[in-house]
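Asker: In the UniProt record's numbering, the protein residues as written are 1 to 338. Every residue gets a Cβ at the ideal spot worked out from N, C-alpha and C, and that includes glycine. These figures come from a predicted structure and were not determined experimentally.
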């Protein structure tokens with residue numbers, strides 16, 4: 001894929017009722033919402049066919065041809081759609097590395113709303129407005145007797161610093177590595193409008209872990225606070241202790257021959273953590289190798305207490321139970337021993 005100056009891909013939205021979709025592109029500290037509507041490509045049968053082909057590759061059940069070279073389908077769609085935006089993107093000043101950017105800059109950037117239209121066999125950007133389509137941000141959490149919200153530090157988005165480097169072309173669409181008040185390093189787990197149940201479950205789990213004397217012996221994150229939009233009361237993220245892992249999970253390292261000597265250590269650590277979680281009344285939930293981080297010290301950490309299950313790791317009828325955790329643990333053991 002050709003590299004454009006200063007942009008990152010944000011959430012992709014599509015419709016189950018038609019072939020319309022929306023790309024969200026972040027350029028420097030600006031947000032481009034780009035509407036891709038099939039009716040706007042009808043003047044060019046070739047471009048319409050290209051759009052349908054690229055959209056089909058994004059379907060969950062799409063199976064590529066055996067000889068088809070892999071390319072991220074969303075990046076491929078973006079590469080096709082953004083050719084005509086390149087001159088616009090190049091006019092936007094780069095990020096100022098001397099400026100402090102916060103989560104507020106990421107959540108509420110200046111918006112440029114465009115549509116993409118076929119003019120003969122060329123794609124042409126058409127400016128719509130500076131408002132864009134507003135989508136519900138964050139979750140409103142219900143009152144709970146099991147979680148003392150008053151005991152959880154609450155931060156505004158402008159109190160969460162998002163670090164940038166000289167190589168950064170744009171603010172991240174979904175920041176992960178952040179600093180609380182510019183000082184304490186944290187991992188930001190974003191919370192969407194549909195995450196009410198999973199977020200409540202996760203907060204209850206962290207509260208139980210925090211209250212037990214075994215908390216230091218459980219290899220997992222610690223809850224450092226939540227991020228709330230003051231005007232709406234919506235929670236947009238959980239702030240968790242940062243695990244330096246270079247994006248390594250048990251899924252990608254467990255089968256790697258160079259880590260063969262560490263597999264038993266990781267299985268032992270996962271086993272002990274699950275036992276200690278159960279002793280304080282916490283169920284891991286979605287037990288699978290994707291939810292085990294391997295940090296830079298080669299230690300295994302459990303993540304994600306939001307619940308659910310993944311087929312092949314935990315049976316549906318055992319989801320969110322201690323029995324399901326043990327089943328997942330057994331399958332993790334088999335995964336590491338194969």
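For residue 316, count neighbouring Cβ atoms within 10 angstroms of its own Cβ and tell me buried if that reaches 16, exposed if not.
Answerer: It is exposed - the Cβ of residue 316 has fewer than 16 other Cβ atoms within 10 Å.
Asker: Roughly how many whole angstroms lie between the Cα atoms of residue 3 and residue 163?
Answerer: Since pLDDT at residue 3 reaches only 44, below the 50 mark, its modelled position is unreliable, and no value is offered.
Asker: Assign residue 336 to buried or exposed, taking buried as 16 or more other Cβ atoms, counted over all protein chains shown, within 10 Å of its Cβ.
Answerer: So residue 336 counts as buried.
Asker: Which first and last residues belong to the alpha helix (DSSP H) in which residue 330 is found?
Answerer: Looking at the DSSP string, the run of the alpha helix (DSSP H) that includes residue 330 is 322–337.
Asker: Should residue 142 go down as buried or exposed, given a rule of 16 or more other Cβ atoms within 10 Å for buried?
Answerer: So residue 142 counts as exposed.
Asker: Pick out whichever of 10, 40, 48 and 58 has its Cα sitting closest to the Cα of residue 16.
Answerer: Selected option, being the one with the closest Cα: 58.
Asker: From the DSSP output, which residues share a beta bridge with residue 127?
Answerer: DSSP, once it has assigned bridges, lists 114 as partnering residue 127.
Asker: Taking the alpha carbon of residue 90 as the point to measure from, which residue in 110, 169 and 134 has its own alpha carbon closest?
Answerer: Here the closest residue by C-alpha is 169.
Asker: Alpha carbon to alpha carbon, what distance is there between residue 56 and residue 1?
Answerer: Below a pLDDT of 50, predicted positions are generally treated as unreliable, and residue 1, at 38, falls in that range; the measurement from the model is reported next regardless. C-alpha separation (whole angstroms): 19 Å.
Asker: Along the chain, where does the beta strand (DSSP E) containing residue 241 start, and where does it finish?
Answerer: Per DSSP, residue 241 belongs to the beta strand (DSSP E) from 235–241.
Asker: Threshold first: 4 residues or longer. Then list the alpha helix (DSSP H) segments lying entirely within the segment 185–218, N to C.
Answerer: List check, alpha helix (DSSP H) in window: 196–211.
Asker: Name the two residues that bound the continuous alpha helix (DSSP H) containing residue 81.
Answerer: Per DSSP, residue 81 belongs to the alpha helix (DSSP H) from 73–81.
Asker: Measure from the alpha carbon of residue 152 to the alpha carbon of each residue in 196, 187, 228 and 133, then state which is nearest.
Answerer: Selected option, being the one with the closest Cα: 228.
Asker: Quick one: complete beta strand (DSSP E) runs, 3+ long, within the segment 260–323?
Answerer: Qualifying beta strand (DSSP E) stretches, in chain order: 292–294 and 300–302.
Asker: Grab me the residues of residue 208's own chain with a C-beta within less than 7 Å of its C-beta, minus the 5 sequence neighbours each way, in chain order.
Answerer: Taken in chain order, the residues that qualify are 280, 281 and 282.
Asker: Just to confirm, are residue 304 and residue 291 a CB contact at a threshold of 7 Å?
Answerer: Yes. Within cutoff.
Asker: Secondary structure at residue 179, three-state DSSP: helix, strand or coil?
Answerer: DSSP places residue 179 in strand when its eight states are reduced to three.
Asker: Sorted by chain position, which residues of the same chain lie with C-beta nearer than 6 Å to residue 10's C-beta, five sequence neighbours on each side aside?
Answerer: Within the same chain, residue 10 has close Cβ partners 24, 26 and 173.
Asker: Residue 90 lies in the alpha helix (DSSP H); which residues open and close that run?
Answerer: Where residue 90 is concerned, the enclosing alpha helix (DSSP H) stretches over 86–90.
Asker: Please name the residue in 231, 221, 226 and 296 whose C-alpha comes closest to that of residue 302.
Answerer: That would be 221, whose Cα lies nearest to the Cα of residue 302.
Asker: Would you call the segment 178–196 and the segment 236–245 touching, i.e. three or more CB-CB distances under 8 Å?
Answerer: As far as the Cβ criterion goes, the segment 178–196 touches the segment 236–245, which means the pair count is three or higher.
Asker: What residue range does the beta strand (DSSP E) around residue 24 cover?
Answerer: From DSSP, the beta strand (DSSP E) with residue 24 extends over 21–27.
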